[in-house]
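Let me begin by presenting the structure, written as structure tokens, before commenting on it.
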Amino acid sequence: MTGGVTTLPEYSRERLAEARRRENFPIAAWLLRPSRREARASIYGFCRLVDDIGDERLGDPLGQLDLCTEELRACYDGQPTHSVFKRLQPVIRRFALEPGPFERLIAANQQDQELLSYSTWEELDRYCTLSATPVGELVLALEGIRDPDRVALSDSICTGLQLANMWQDVAADRERGRRYLPLEVLLQHGATEDEWRAGKPTPGLRAALAHGVGRARQLLRQGWPLAAAVPGLMRVEMATFILSGLEAADGVLAAGDLVFERKASLPGGARRRALLGATVAWRQRRPPTA
0 MTGGVTTLPE
10 YSRERLAEAR
20 RRENFPIAAW
30 LLRPSRREAR
40 ASIYGFCRLV
50 DDIGDERLGD
60 PLGQLDLCTE
70 ELRACYDGQP
80 THSVFKRLQP
90 VIRRFALEPG
100 PFERLIAANQ
110 QDQELLSYST
120 WEELDRYCTL
130 SATPVGELVL
140 ALEGIRDPDR
150 VALSDSICTG
160 LQLANMWQDV
170 AADRERGRRY
180 LPLEVLLQHG
190 ATEDEWRAGK
200 PTPGLRAALA
210 HGVGRARQLL
220 RQGWPLAAAV
230 PGLMRVEMAT
240 FILSGLEAAD
250 GVLAAGDLVF
260 ERKASLPGGA
270 RRRALLGATV
280 AWRQRRPPTA
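Numbered according to numbering that gives the first Met the number 0, the sequence shown spans residues 0 to 289.
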């Protein structure tokens, strides 16, 4: 590796469980068979590790992400040494998971260290193919689903969820010097980058953020057919993800100007409403109206 200068933080199962409980879009683990729960938890551990390295600056981010790449390679042709990757290796082997999605997640966090703002939706979409869509692809791959049509629907859902999360976190991202909302959207609504950096709500900033929320909602709704195209109770889970994302988008708008100061939380009872709504909606085979 790197002579012991750079190390990876340890992640116990208890720490990962606590992190998952804080997620806005938690995996409905009780819907899954035990083997799937364990596999999902191992993938989640990988995602949490690389995201925390990229966002929380737990040391030397680029050096630590390079170590993640080495540990990932060892999962395929060697023996990893870090606990997260030790748990991941048997899942990779059992479900024949390709390295590409894991590599893209690492690449997303490497990009976060170097590219701090985006000019166009096209640029942000490319980023989401690194940071968001690999997660859905891995979840589908655990069920042996790899066909382009269902993967495309998953990509739409994952990108919508990622955008909703970005708009919830605009205040924290600004503190990190990041701006995911494309400059073209700011300019379209009469806002400026200086206004964004200042974090002072203006009519243009409000309109630009509402534009971003609308795009997240559109992508989530476009992915709805996946809820009828996956097996068993996974249908309810997919519908829950979509409805949770829509609830989160609503929460951004409901937060009003406070979203420029702190993270927008899910509205009260949002998870419960999403689950109940998903159970009804997928049985009726209709898209969400939320």
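Glycine included, every Cβ here is placed at the ideal spot set by N, Cα and C.
Model, not experiment: these values are computed from the prediction.
For the options Phe45, Ala207, Met237 and Asp59, the alpha carbon positioned closest to that of cysteine 157 is the one of Met237. Setting aside the 5 residues that flank it on each side, lysine 85 is surrounded in the same chain by Pro79, each with a C-beta closer than 8 Å to its C-beta; the list follows chain order. In chain order, Leu7 and Glu70 place their CB closer than 6 Å to the CB of histidine 81, counting only its own chain and leaving out the 5 sequence neighbours on each side.
Residue environment: leucine 114 is assigned as exposed (fewer than 16 neighbouring CB atoms within 10 Å of its CB, all protein chains considered). Nearest Cα to aspartate 172 within the set Gly99, Ala263, Gln217 and Leu225: Ala263. In chain order, Leu162, Met165, Trp166, Leu180 and Val184 place their CB closer than 8 Å to the CB of glycine 211, counting only its own chain and leaving out the 5 sequence neighbours on each side. Contact check for glycine 222 against aspartate 154 passes: the beta carbons are separated by less than 9 Å. Look at the beta carbons and you see the segment 96-111 touching the segment 125-134: at least three pairs across the two are nearer than 8 Å. When only Cα atoms are considered, glycine 62 and tyrosine 75 end up about 21 Å apart. By a beta-carbon distance limit of 8 Å, alanine 38 contacts leucine 141. Their separation comes to about 5 Å. In this structure leucine 257 is exposed. Its beta-carbon is surrounded by fewer than 16 other beta-carbon atoms within 10 angstroms. Shortest Cα-Cα distance from tyrosine 43 to any of Glu97, Thr128, Leu137 and Ala170 involves Leu137. Histidine 188 is positioned such that its CB atom lies closer than 9 Å to that of alanine 206.
DSSP, reduced to helix, strand and coil, places arginine 178 within a strand of the structure shown.
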